[in-house]
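Accompanying notes for the structure given below.
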Amino acid sequence: MSSIPVKKDAGEIGKANKRKYILEKVSGRVFLFCALLSVVSLLLIIGFVFYKGSHPFIAEGYSFIDFLLGSDWVPSEDKFGILPMIVASIYATIGALIIGVPIGLFTAIFLAEIAPRSVAKIISPAVQLLAGIPSVLYGVFGLAIIVPFLQNNLGLIKGQSLIAVIIVLAIMMLPTVVTVAETAIRAVPKAYREGSLALGVSPIGTIFKVVVPAAKSGIMTAIVLGMGRAIGETMAVILVAGNSLVIPTSLTDSIRPLTTNIALEMGYAFGTHQEMLFATGIVLFSFILILNFVLARISSKGGN
Amino acid sequence: MNTTVIDRKTATDKSANTTEQQTKIAVKDLNLFYGEKQALFDVSIDIKEKEVTALIGPSGCGKSTFLRTLNRMNDLIDGVKINGKMVIDGEDIYQSNDVIKLRTKVGMVFQKPNLFPMSIYDNVAYGPRMQGIKNKAELNKIVEESLRGAAIWDEVKDRLKSSALGLSGGQQQRVCIARAIAMKPEVILMDEPTSALDPISTLKVEELIASMKKEYTIVIVTHNMQQAARVSDKTAFFLNGEIIEFDETNKIFSMPSDQRTEDYVTGRFG
């Protein structure tokens, strides 16, 4: 038994405090509700897309394999093959990575390591502003500048092409790649740089042999995020892709990626055609999911 | 050789009666500014070859700043201005622009162990590799010699390929020393190399410093006065960016000629 004297009313909460506790509880619930809202939205979107998209394969007897690997997309003739679009999306994304990643990475290195503070102060916000430009404006820019340029200089009949998409997407992924990579590079402890420089290693040697390897996981994250941006982009791509339904065989071919297929046809599609567009969405969504999975793996590795 | 004389600002001129080594580093009237703020005032000191010179003084007195002028690590900080003479082996290091050569010759060990996130082997081989040494046998030899030189070989020889960051702090610091030795420097600067270590590791590093003296000129910044007394031949006492006194370590600790030095070494301030 406790021998410490306890006041009889010590367990009771004063009137003024009671209101505070209630307020505490209510505001906790409000925050929880807001937090759940995004989870609910996510589940609703996934559920809706999957429900609509899987219907033709479950209830109408279409083959999912034929859908993925078929190369003809003619809704009026009941032909739904999205292989050309999958290939176009993959080509455009890889191409954009090949151009965008080195440029973005070098920009990040320049901003974090080389540029004097005054210069970085101008370039850094400029790069970030690039992220704020509405994507349709990138498309307009591509259509007005890049497409005619390609048309005139490569002698194309039509400037809307895979290469035009790649260039636009490369520019669009820059802010993501630069910002994330720059943050990762800046987070590398100063002691590593000093250690390397004190051994008589040049600043550039230090950057490539010590700083960049130490920021590896952050840089990988930057690349994956940039990739996500490229594969999901729709508006800018519609304007410069040309939207032909062929498997691209050269950089100058007109293409139709997965995203634009949905955006172009959803407005007038109905019935099976509409459901097939949802199915296209499932494929696109799977790509993004895989990317997110890769991203999670990278960041958990980076923690070790 | 260079003719710069020791300029002891307030010290007496009794020159110690030992077999004097040759001057390795001669500093004359060195001033350093961080922007508008002056951090070092007319620092003059002659550092002898193959001796251990300790720099002591309270925090913010400029001893680390001075140490970093010796391999131009202050160049990395924006707005640092330096004037005066700093001559190593007859060459004014602030006249020459070959910082890479200077830093190869003047190695550095930092306050906190700063091994790279790579294997032990790669850490030690990093400097030589960056100098273009690719031959495996040669690299192996350098790594082994350097690790032996830093008295850590026996502890790490079976785990050379594992991450250096898995070592204890004291082991890491000795690998840092090995990494510096691998460049075959002539001078090694140490910036409070044991302040982040436990007493036993500290002892090991101090023993190492004593044994390294045969081959290297060592300049060590330390907060620990017993350490300065134990490892160094000469000691310079810094206060507010000036060298107050520079002399044989014995003399600094037993009968300093400046009252401020005495106050500091007896623990009255700092």
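Just so you know, the sequences run in chain order A and B.
Using the numbering used here, read the first sequence as starting at 11 and increasing by one per residue.
Using the numbering used here, read the second sequence as starting at 940 and increasing by one per residue.
Each residue gets a CB set at the ideal place from its N, CA and C atoms; glycine is no exception.
Just so you know, these numbers come straight off a predicted model, no measurement behind them.
Where the beta strand (DSSP E) through residue i begins and ends
| i | result |
| --- | --- |
| B/Gly1046 | Val1045 to Val1048 |
| A/Ile265 | That residue, A/Ile265, is in no beta strand (DSSP E); it is neither H nor E in DSSP. |
| B/Thr1156 | Thr1156 to Val1160 |
For residue i, the three-state DSSP class (helix, strand or coil)
| i | result |
| --- | --- |
| B/Tyr973 | strand |
| B/Asp901 | Within the shown structure, residues of chain B are numbered from 940 to 1209, placing residue 901 of chain B beyond reach of any answer. |
| A/Val198 | coil |
| B/Ile891 | Since the first and last residues shown for chain B are 940 and 1209, residue 891 of chain B lies out of range. |
| A/Met245 | helix |
| B/Glu1125 | coil |
| A/Ile104 | helix |
| B/Ile1183 | strand |
| B/Gly1071 | coil |
| B/Thr962 | strand |
| B/Ser1196 | coil |
| B/Ser998 | coil |
| B/Lys1096 | helix |
| B/Gly1206 | coil |
| B/Asp1031 | strand |
| A/Pro15 | coil |
| B/Ala978 | strand |
| B/Asp968 | strand |
| A/Ser227 | helix |
| B/Leu1178 | strand |
Of the residues the options, the one placed nearest residue i, counting alpha carbons only
| i | options | result |
| --- | --- | --- |
| A/Ser81 | A/Thr270, A/Arg196, A/Gly215 and A/Met95 | A/Met95 |
| A/Met245 | A/Leu255, A/Ile217 and A/Gly149 | A/Gly149 |
| B/Thr962 | B/Ser1101, B/Ile1183, B/Asp1197 and B/Ile1027 | B/Ile1027 |
| A/Ser227 | A/Pro199, A/Lys200, A/Ser264 and A/Ala191 | A/Ala191 |
| B/Val1048 | A/Leu305, A/Val304 and A/Glu204 | A/Glu204 |
| B/Asn1022 | B/Glu990, B/Asp981, B/Lys987 and B/Ser998 | B/Asp981 |
| A/Ala306 | A/His65, A/Gln138 and A/Ala232 | A/Ala232 |
| A/Asn253 | A/Gly242, A/Gly105 and A/Leu274 | A/Leu274 |
| A/Val59 | A/Phe151, A/Thr290, A/Asp88 and A/Val198 | A/Thr290 |
| A/Ala102 | A/Pro223, A/Lys200, A/Thr259 and A/Ile14 | A/Thr259 |
| B/Leu971 | B/Ile986, B/Glu990, B/Arg1011 and B/Lys987 | B/Arg1011 |
| B/Phe1055 | B/Phe1177, B/Ser1102 and B/Asn1036 | B/Ser1102 |
| A/Leu299 | A/Ala279, A/Ser48, A/Met237 and A/Lys62 | A/Met237 |
| B/Pro1138 | B/Ala1119, B/Gly1109, B/Lys1123 and B/Ile1148 | B/Gly1109 |
| B/Glu1181 | B/Glu1187, B/Ile1116, B/Gly1029 and B/Arg1199 | B/Arg1199 |
Below-8 angstroms beta-carbon distance, residue i vs any chain A residue
| i | result |
| --- | --- |
| B/Asn1079 | no |
| B/Tyr1060 | no |
| B/Lys1051 | yes |
| B/Tyr1065 | yes |
| B/Ile1039 | yes |
| B/Met1122 | yes |
| B/Phe980 | no |
| B/Lys948 | Note that B/Lys948 has pLDDT 37, beneath the 50 cutoff, so the model's placement of it is unreliable and no number is given. |
| B/Leu1099 | no |
| B/Leu1015 | yes |
| B/Gly1046 | yes |
| B/Met1069 | yes |
| B/Asn941 | In this predicted model, B/Asn941 has a pLDDT of only 45, less than 50, meaning its place in the structure is not dependable; the value taken from the coordinates is given anyway. Output row for B/Asn941: interface = no. |
| B/Asp1202 | no |
N-terminal and C-terminal residue of the alpha helix (DSSP H) that residue i is part of
| i | result |
| --- | --- |
| B/Lys1020 | Counting along the chain, B/Lys1020 falls outside any alpha helix (DSSP H), though it belongs to the beta strand (DSSP E) covering Val1019 to Ile1027. |
| B/Asp1005 | The sequence given here has Phe at residue 1005 of chain B, not Asp. Counting along the chain, the alpha helix (DSSP H) containing B/Phe1005 begins and ends at Lys1002 to Thr1008. |
| A/Ala141 | Arg127 to Gly142 |
| B/Val991 | Counting along the chain, B/Val991 falls outside any alpha helix (DSSP H), though it belongs to the beta strand (DSSP E) covering Val991 to Ile995. |
| B/Ala1117 | Gly1108 to Ile1120 |
| A/Gln161 | Val157 to Asn163 |
| B/Met1012 | From DSSP, B/Met1012 is part of no alpha helix (DSSP H); its letter is neither H nor E. |
| A/Ile214 | Pro213 to Thr216 |
| B/Gly1139 | In the sequence on display, residue 1139 of chain B carries Ile and not Gly. Unbroken alpha helix (DSSP H) run through B/Ile1139: Pro1138 to Met1151. |
| A/Tyr148 | Ser145 to Phe151 |
Any C-beta of chain B under 8 angstroms from that of residue i
| i | result |
| --- | --- |
| A/Tyr278 | no |
| A/Leu121 | no |
| A/Glu275 | no |
| A/Lys30 | no |
| A/Glu285 | no |
| A/Leu4 | The shown model of chain A, from 11 to 314, leaves out residue 4 of chain A, and the question about it has no answer. |
| A/Val318 | Residue 318 of chain A falls outside the range modelled here, since chain A spans only 11 to 314, and no answer is possible. |
| A/Ala201 | yes |
| A/Gly215 | yes |
| A/Asn314 | Because A/Asn314 carries a pLDDT of 42, less than 50, the predicted location of this residue cannot be relied on, and no value is offered for it. |
| A/Gly228 | no |
Interface partners of residue i on chain E, CB under 7 angstroms
| i | result |
| --- | --- |
| A/Ser212 | Included in the structure are the protein chains A and B, with no chain E among them. |
Which runs of the alpha helix (DSSP H) at least 4 residues long sit entirely within the region 23–97 of chain A? Give them in chain order. Assignment of alpha helix (DSSP H) within the region 23–97 of chain A, counting only whole runs of 4 or more residues, yields 25–69 and 74–79 in chain order.
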